[in-house]
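S.K.: Handing you this structure, nothing more for now.
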């Protein structure tokens, strides 16, 4: 049975952009596992027998796993013969550290550029649900959060400074090859990249070069997915 991964879809179901789902996609690719991505919208019913209400959700045989971190732990435990995601306790700690920086810095740096653009590509039934959820979270309207291209790029670049310093001396956060720490950051940036009408990431920066490097891995899977800019 093919593994299924549920991801957040736009009105155009070809565009799927959940930041946490992208962490799981990259983990599956790194493991070399065959999988199918299933589009899910905010207005769709909860997923699976557990009634999971957010994505990603992984369905593998009789197992239904929600939350990208739990999915990563499951994949390493369930498929130990495949390339590891975290190299034991030290790798888990490194990945959790990167996730904490993403939560404290990268998401806040990306949200002004991305969240209103993400709203705009949703189907009409999902839009009010998304708006209500996010405006309650941020305490203001989506329009008030949104910034233009120049400020969007600058805000994200400022949030990525610590990663630029690290990636100036190594091809990946995991060293010579990617680990889940890389996928944790990549998921956030791929979300921004997919929903934005412009390229938010500076390709000339060390993070930008790392991002392109990961996009080109696994037969260019992440490079070739539909985005707002290449899909009509």
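Residue numbers (the numbering used here): 1258 to 1489.
Each residue gets a CB set at the ideal place from its N, CA and C atoms; glycine is no exception.
Please read all numbers here as calculations on a predicted model, not as lab measurements.
Looking at the structure shown, is residue 1420 part of a helix, part of a strand, or coil, going by DSSP?
M.R.: The residue given as residue 1420 occupies position 163 in the chain shown. Helix, per DSSP.
S.K.: Quick one: what does DSSP say residue 1323 is sitting in, helix, strand or coil?
M.R.: On the chain shown, residue 1323 is found 66 positions in, with the first residue counted as 1. Of the three classes helix, strand and coil, the one that applies to residue 1323 here is strand, per DSSP.
S.K.: Does the beta-carbon of residue 1375 have 16 or more other beta-carbons within 10 angstroms, so that it is buried, or is it exposed?
M.R.: Within the chain shown, residue 1375 is the residue found at index 118, counting from 1. Residue 1375 comes out buried.
S.K.: Near residue 1379, which residues of its chain fall below 8 Å by C-beta distance, leaving aside the five closest residues on each side in sequence?
M.R.: Indexing the chain shown from 1 puts residue 1379 at position 122. Taken in chain order, the residues that qualify are 1267, 1268, 1298, 1299, 1387.
S.K.: For residue 1292, I'd like the list of residues in its chain whose CB is within less than 6 Å of its CB, leaving aside the five on either flank, ordered along the chain.
M.R.: Here residue 1292 refers to the residue found at position 35 of the chain shown. Here the set comprises 1260, 1262, 1285.
S.K.: Looking at residue 1361 and the ligand FAD, is the gap between the Cβ and the nearest heavy atom below 7 Å?
M.R.: Inclusion of the ligand FAD in the displayed structure is not the case, the ligand content being empty and no account of it being possible.
S.K.: Identify whether residue 1393 lies in helix, strand or coil by the three-state DSSP scheme.
M.R.: Taking the first residue of the chain shown as 1, we reach residue 1393 at position 136. Residue 1393: helix per DSSP, three-state reduction.
S.K.: Can you check the region 1290-1325 for any beta strand (DSSP E) of at least 3 residues that lies completely inside it and give the ranges in chain order?
M.R.: The qualifying runs are 1292-1297, 1314-1317, 1320-1323.
S.K.: Going by DSSP, what residues sit across from residue 1260 in a beta bridge?
M.R.: For this step, residue 1260 is matched to residue 3 along the chain shown. According to DSSP, which records beta bridges pairwise, residue 1260 is partnered with 1292.
S.K.: List the whole-angstrom C-beta distance separating residue 1288 from residue 1315, where the pair is believed to meet the contact cut-off of C-beta under 8 Å.
M.R.: Position 31 of the chain shown, counted from the first residue, corresponds to residue 1288. Position 58 of the chain shown, counted from the first residue, corresponds to residue 1315. Actually they are not in contact, since the Cβ atoms of residue 1288 and residue 1315 sit about 12 Å apart, beyond 8 Å.
S.K.: Taking only runs that begin and end inside the region 1319-1382, name each unbroken alpha helix (DSSP H) of 4 or more residues, in chain order.
M.R.: Correct list: 1325-1335, 1345-1358, 1364-1377.
S.K.: Give the straight-line distance between the Cα atoms of residue 1265 and residue 1486, rounded to the nearest whole angstrom.
M.R.: One-based indexing of the chain shown puts residue 1265 at position 8. One-based indexing of the chain shown puts residue 1486 at position 229. Going from the Cα of residue 1265 to the Cα of residue 1486 covers about 18 Å.
S.K.: Quick one: what's residue 1273 bridged to in DSSP?
M.R.: Reading the chain shown from its first residue, position 16 is the one you call residue 1273. Residue 1273 is bridged to 1266.
S.K.: If you reduce the DSSP assignment to three classes, tell me which class residue 1431 lands in.
M.R.: Within the chain shown, numbered from 1, the residue matching residue 1431 stands at position 174. In this structure, residue 1431 counts as coil in the three-state DSSP scheme.
S.K.: For the putative contact between residue 1441 and residue 1282, defined by C-beta atoms under 8 Å, what is the C-beta separation to the nearest angstrom?
M.R.: The residue given as residue 1441 occupies position 184 in the chain shown. The residue given as residue 1282 occupies position 25 in the chain shown. Going by Cβ atoms, the distance from residue 1441 to residue 1282 rounds to 12 Å, so no, they are not a contact pair.
S.K.: Is the separation between the beta-carbon of residue 1296 and that of residue 1273 shorter than 8 Å?
M.R.: Counted from its first residue, the chain shown places residue 1296 at position 39. Counted from its first residue, the chain shown places residue 1273 at position 16. In contact: residue 1296 and residue 1273 (Cβ atoms closer than 8 Å).
S.K.: I'd like to know if residue 1418 contacts chain B, where contact means its C-beta is closer than 8 Å to some C-beta of that chain.
M.R.: Absence of chain B from the displayed structure is noted, only one protein chain being present.
S.K.: On the CB-based measure, 16 or more other CB atoms within 10 Å of its CB, does residue 1397 come out buried or exposed?
M.R.: Taking the chain shown and counting its residues from 1, the one referred to as residue 1397 is at position 140. It counts as exposed.
S.K.: Return the residue from the list 1412, 1275, 1447 that minimises the CA-CA distance to residue 1325.
M.R.: As a working note, residue 1325 is residue 68 in the chain shown. It is 1275 whose Cα lies nearest to the Cα of residue 1325.
S.K.: Please go through the same chain and pick out, in chain order, the residues whose beta-carbon is closer than 8 Å to the beta-carbon of residue 1462, but skip the five residues on each side of it.
M.R.: Mapped onto the chain shown, residue 1462 falls at position 205. Contacts found: 1414, 1417, 1421.
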